[in-house]
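What follows is one structure encoded as structure tokens, with my remarks underneath.
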Amino acid sequence: MRWGGRSAFDQMGFDLLTENLFAGHAAAAAGSVAGAAFLTHPLDTLKTLLQVGAGSSQQVGLWQVVERVRMVSGLSGFYSGLGWSVLGKLFGFGSRFGTYEILTAYYKDGRTYNYVHVSEAFLAGMAAGAMEAVICTPFELLKIRSQVSSASLLRKLGSVGVMQESTPLISKLLPGSTPNMKAWNNTLGMLSTLSTSHIDIVGVLKQYPWMLTGSGRPPFASEVKEPSKIVSLEGWSALWRGLRPGIAQKCVFGGFFFSTWQFFHIAMLDWKALDLNPPPRSIDDVGPVSPLASSLAAGFSGIVAAAASHPFDTAKTRSHCIVTPK
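Count the sequence shown with the UniProt record's numbering and you get residues 1 to 326, in order.
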């Protein structure tokens, strides 16, 4: 049997080659993202801790953060949250570049030339950044809380046996902490004077669970870093906490990155066209630029985009470290 002059075996071989080519590209992309995440994750951990630790009255130094992580978690602390980072980058980069390619294909549809303008690249980059933020925000929250825990000493208040013997409700409301015995006894003493016929005593206790720790406030973000604890304590919506500053950061980053890269790409094509003889009829006839020049342009574009979006990144990082019980 033949389809359009091609035998069934030829068609099967072509499909197999296409599938293998796609699988090879997917594996190469995943490996590249994982390798880049592994190399840059210690720097990302330091950035996160500097953003979280800095305040209006004092600034945390870089070497202070390095020594803190090394003292608390050792060298492995610099790679806390690496798995969440890799997953977030895989889904995030895929959604970012996929959305950008779809939008730029829409822009180029029906044109005689095969490139987009800088303004179009900026708008497509902003839309791609918004899509990336929606998808990778849960992974970034889990990553940031793991990074913060690498420099945080766990609080040990009271006896562990008290927590083990307490009710499941108290265990659920006090993750990572044990009740302070003095605060526990004072609370029981106050509650013993109340009427036992209270219609919603459990609901009232849920509003003030943290007084049982003696601290008067919810636990630190480093104590609520596992997905199960976050969902149990803060609800499913907590996984998308910081979405608005995240969208702002990703939109600004995507817009500046793609527009800056497109500006340099067009400039490099125009520069290359000056040395061609005869001169090309359009920019599509110039040919590709060198990989080194393209990589340098992409790196500089990333620097510009990171500088422009850094304030939103700080706001997003700090919002991820806020624990709000549901």
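Where a beta carbon is used, it is the ideal one built from N, C-alpha and C, also for glycine. The model shown is predicted, which means the values in this text are computed figures rather than measured ones.
Within the same chain, show all residues whose beta-carbon is closer than 7 Å to that of residue i, passing over the 5 residues directly before and after it, in chain order.
| i | result |
| --- | --- |
| Gln51 | Thr314, Thr317 and Arg318 |
| Ala34 | Val86 |
| Ala125 | It should be noted that the sequence gives Gly, not Ala, for residue 125. Result list for Gly125: Tyr100, Gly254, Gly255, Phe257, Phe258 and Ser259, in chain order. |
| Pro227 | Leu142 |
The alpha helix (DSSP H) that contains residue i, what's its start and end?
| i | result |
| --- | --- |
| Glu67 | Leu62 to Val72 |
| Trp271 | Leu243 to Ala273 |
| His310 | Pro291 to His320 |
| Gln147 | Val118 to Ser149 |
| Phe91 | Leu82 to Lys108 |
| Ser228 | Pro227 to Glu234 |
Within the same chain, show all residues whose beta-carbon is closer than 6 Å to that of residue i, passing over the 5 residues directly before and after it, in chain order.
| i | result |
| --- | --- |
| Ala308 | Val252 and Phe256 |
| Leu49 | Val65 and Ala151 |
| residue 331 | In this structure the chain extends from 1 to 326, so residue 331 is not present and cannot be described. |
| Lys326 | Glu234 and Gly235 |
| Ala273 | Pro280 and Val286 |
| Ala298 | Trp261 |
| Phe243 | Looking at the sequence shown, residue 243 is not Phe but Leu. Within the same chain, Leu243 has close Cβ partners Thr137. |
| Gly246 | Ala133, Thr137 and Lys316 |
| Gln59 | none |
| Pro311 | none |
| Val118 | Ser259, Gln262 and Phe263 |
| Leu39 | none |
For residue i and residue j, which I take to be in contact (beta-carbon distance under 8 Å), what is that distance rounded to the nearest angstrom?
| i | j | result |
| --- | --- | --- |
| residue 329 | Ala130 | The structure shown does not extend to residue 329, since the chain is modelled only from 1 through 326, so no value can be given for it. |
| Ala121 | Phe258 | 4 Å |
| His320 | Glu140 | 7 Å |
| Ile266 | Tyr115 | 7 Å |
| Ala293 | Met268 | 6 Å |
To which residues of the same chain is residue i closer than 8 Å at the C-beta, ignoring the five residues directly before and after it?
| i | result |
| --- | --- |
| Val322 | For clarity, residue 322 is Ile in the given sequence; the question names Val instead. Correct list, in chain order: Ala221 and Arg241. |
| Ser282 | Thr112 and Tyr113 |
| Gly77 | Thr45, Val69, Arg70, Ser150 and Ala151 |
| Trp84 | Phe139, Glu140, Leu142, Lys143 and Ser146 |
| Ala30 | Leu90 |
| Thr324 | Pro218, Glu234, Ala238 and Arg241 |
| Val231 | Ala238 and Leu239 |
Let me see if you follow: with CB-CB separation under 7 Å, is residue i close to chain C or not?
| i | result |
| --- | --- |
| Pro227 | In the structure shown, chain C does not exist; there is a single protein chain. |
> Would you call the stretch 128 to 143 and the stretch 83 to 99 in contact, with 3 or more CB pairs under 8 Å?
Replying inline: yes
> Counting Cβ pairs, one atom from each stretch, are 3 or more of them under 8 Å apart for the stretch 283 to 290 and the stretch 241 to 256?
Replying inline: no
> Do the stretch 224 to 238 and the stretch 92 to 99 make contact, defined as three or more Cβ pairs closer than 8 Å?
Replying inline: no
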